[in-house]
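Enquirer: Next up is a structure, given as structure tokens.
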Amino acid sequence: MLRRQYREIPFVWALIFISAVSLAQESLQMPSHAQKHVTVPSPPIENKHDALTAEKERPGIVRTYYIAADEVDWDYTPRGRNLAGLPHAESAEDESGGAPRHRVFHKAVYHEYVDGSFSTVKIRPQQWEHLGILGPLIRAEVGDSIRVVFKNNTHLSVTLHPHGLEYKKDAEGAMYTDGTSGPVKADDKVVPGGTYTYLWTVPERSGPAAMDESSVLWMYHSHFVESTDINTGLIGPIIITRRGMARPDGSPKDVDREFITDFALFDETDSWFFEGNAGKQIRALRSKTLNPALREQNTLYSINGFIEANIPLMTMRKGEHVRWYLLSNSNEDDIHMAHWHGNTVVWNKMRMDSLSLGPMAMVTADMVPDSEGIWLFHCHVNDHFVNGMVGLYQVLP
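Residue numbers (my numbering): 2 to 398.
In structure tokens, the structure reads:
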């Protein structure tokens, strides 16, 4: 009996072995839907690092823009009335007994052209009509390069200087004593009728930081005589998107709609055209000796170069991911409090309905609107508000 049990032991072990092999084969043949509890090992950490490195080293593209400085007659109130309240004849600034405010001024602005012939202005898409006096939007993704072929169609000497981007001394676009000379100095001043090509690059430090959203705002402007150039109208926006987060046109993939607003005091007494002689660029007797009342009368409290809600209605839909980019001009009084009626934004991980802007500020805030209707969007500094720094935005169902 004992001998028979010993003879059966190898047979039992054989059965166990065959069963184990069968189970292993069945597990290999399990359909994918039945393997949801199977643990798949993560790739080695060095593979993740290699993928990240490869993404960072992925060559960007060169985005070329043809931009010119042109002279225009700019109307701060193209609709001819205060769209947020009373007509101009009954506006608060005219009830004091002063002369009616002039609303059309000769200015210089940046325009985008179709190609390097500079014969055809590129039509601004409807979604960007609210940019108004601002120059064309320059976009890029981290890793890209930006090439701006610039032509000066004005009677002034002007430049094109970017904030936040990387550039060499020959692409700075700013006039000051910096030890350069010869060809490296040519970017400092583009004379009337002249052309110059600026090349800027977009490294990681020009894009969103770790705590930022997927895109950030910079600006560009003329920097020959900075304050006067900006008051003349030469300023525009730059948006940089995080690497891997840009659509082909450079816009962020995770955003449904974008708006750019420049809260700007345009001091027309500090414009190159104030004396009416642009060719000689006369700047005689400016702000230090000018009649303060005359200066106040010729300062326009605008959003994108529009006053009293004449900015095109900024429209979005309820529940969309909307990104607002806010900037301000360089005057000492360009201290603003941008305020949205009806909805809130998130800035710097905080819920807000008002954002503070100092001179030359560049701020990005996100909104997911939940209140339908037409809402006021304005500067909450009292003097700015009553003088027309007001716009409207609309939330559709």
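C-beta atoms are modelled at their ideal positions from N, C-alpha and C, and glycine is treated no differently. On a predicted model such as this, the values are computed, not experimentally measured, just so you know.
Please state if the CB of L397 and the CB of R324 are separated by a distance shorter than 8 Å.
Expert: Contact: no.
Enquirer: Which of the three DSSP states is assigned to F151 in this structure?
Expert: Strand, per DSSP.
Enquirer: Is T65 helix, strand or coil by DSSP?
Expert: In this structure, T65 counts as strand in the three-state DSSP scheme.
Enquirer: Leaving aside the five residues before and after D349 along the sequence, list all residues of the same chain whose C-beta is less than 7 Å from its C-beta, in chain order.
Expert: The sequence shown places Asn at residue 349, not Asp. Contacts found: none.
Enquirer: When DSSP labels each residue in this structure, what does H340 get in the three-state scheme?
Expert: Three-state DSSP puts H340 in a strand.
Enquirer: Whole angstroms is fine: what's the gap from G195's alpha carbon to I68's?
Expert: Whole-angstrom Cα-Cα distance: 12 Å.
Enquirer: Could you pull the start and end residues of the alpha helix (DSSP H) that T297 belongs to?
Expert: A small correction: the amino acid at residue 297 is Glu; Thr does not occupy that position in the sequence shown. That run of the alpha helix (DSSP H) goes P293 to Q298.
Enquirer: In whole angstroms, what is the alpha-carbon distance linking A187 and H156?
Expert: A187 and H156: Cα-Cα distance of roughly 18 Å.
Enquirer: Give a yes or no on whether the C-beta atoms belonging to E142 and D367 are separated by under 8 Å.
Expert: The answer is no: Cβ separation not under 8 Å.
Enquirer: Under a Cβ-count criterion, where at least 16 other Cβ atoms within 10 Å of its own Cβ denotes burial, should V404 be classed as buried or exposed?
Expert: In the structure as shown, the chain begins at 2 and stops at 398. Residue 404 is therefore absent and cannot be evaluated.
Enquirer: W201: which of P238, T160, N154 and R148 sits nearest, CA to CA?
Expert: Ranking P238, T160, N154 and R148 by Cα distance to W201 puts R148 first.
Enquirer: If you run the structure through DSSP and keep just helix, strand and coil, what is F378?
Expert: F378: strand per DSSP, three-state reduction.
Enquirer: How is the alpha helix (DSSP H) around D384 delimited, first residue to last?
Expert: Per DSSP, D384 belongs to the alpha helix (DSSP H) from N383 to V387.
Enquirer: I believe H107 touches N305 by the beta-carbon criterion, under 8 Å. Please report the beta-carbon distance rounded to the nearest angstrom.
Expert: That belief does not hold up - the Cβ atoms of H107 and N305 are roughly 18 Å apart, past 8 Å.
Enquirer: CA-CA distance, V168 and A247?
Expert: According to the sequence provided, residue 168 is Tyr. The question's Val does not apply to it. C-alpha separation (whole angstroms): 22 Å.
Enquirer: Once DSSP output is grouped into helix, strand and coil, what is the label at P238?
Expert: Correct three-state label for P238: strand.
Enquirer: Note down the Cα distance separating V382 from R80, rounded to an integer number of angstroms.
Expert: Answer to the nearest angstrom: the Cα atoms are 24 Å apart.
Enquirer: For the beta strand (DSSP E) containing S329, list its first residue and its last residue.
Expert: Taken as a continuous stretch (DSSP letters only), the beta strand (DSSP E) holding S329 covers V323 to S329.
Enquirer: Is it right to say Y177 is buried, meaning 16 or more other beta carbons lie within 10 angstroms of its own, or is it exposed?
Expert: Result: exposed.
Enquirer: When the distance is taken between beta carbons, is N330 closer than 8 Å to W376?
Expert: No. Outside cutoff.
Enquirer: In this structure, does DSSP put K169 in helix, strand or coil?
Expert: K169 falls in the coil class under three-state DSSP.
Enquirer: Should R243 go down as buried or exposed, given a rule of 16 or more other Cβ atoms within 10 Å for buried?
Expert: The residue in question, R243, is buried, as its Cβ has 16 or more Cβ neighbours within 10 Å.
Enquirer: Based on the DSSP secondary-structure assignment, which residues constitute the bridge partners of S146?
Expert: The partner list for S146 (beta bridge, DSSP) reads V63 and T202.
Enquirer: Taking a contact to mean a Cβ-Cβ separation below 8 Å, would you say I241 touches S216 in this structure?
Expert: Going by C-beta atoms, I241 is nearer than 8 Å to S216.
Enquirer: Taking V115 as the reference, which of Q395, Q128 and P137 has the closest Cα?
Expert: Closest option to V115, Cα to Cα, is P137.
Enquirer: Return the CA-CA distance between V105 and N388, expressed in angstroms with no decimal places.
Expert: Rounded to whole angstroms, V105 to N388 spans 16 Å at the Cα level.
Enquirer: For L161, which of E333, P204, V110 and E205 has the nearest alpha-carbon?
Expert: Here the closest residue by C-alpha is V110.
Enquirer: Report all residues from its chain with a CB closer than 6 Å to the CB of M361; omit the five preceding and five following residues, and keep chain order.
Expert: S331.
Enquirer: Where DSSP assigns a beta bridge to S260, which residues make up the other side?
Expert: First, the amino acid is wrong: residue 260 is Phe here, not Ser. DSSP output for F260 lists W325 as bridge partner(s).
Enquirer: Starting from W357, trace the beta strand (DSSP E) in both directions and tell me its first and last residue.
Expert: The sequence given here has Ser at residue 357, not Trp. Start and end: S355 to L358.
Enquirer: Report the CB separation of Y199 from A172 in whole angstroms; it is logged as a contact under 8 Å.
Expert: With a Cβ gap of about 5 Å, Y199 and A172 count as contacting.
Enquirer: Taking Cβ to Cβ, would you say M338 is nearer than 8 Å to M220?
Expert: No. Outside cutoff.
Enquirer: Spatial neighbours of G392 within its chain, please: CB distance less than 6 Å, with the 5 preceding and 5 following residues excluded, ordered by chain position.
Expert: I304, A310, I312 and F378.
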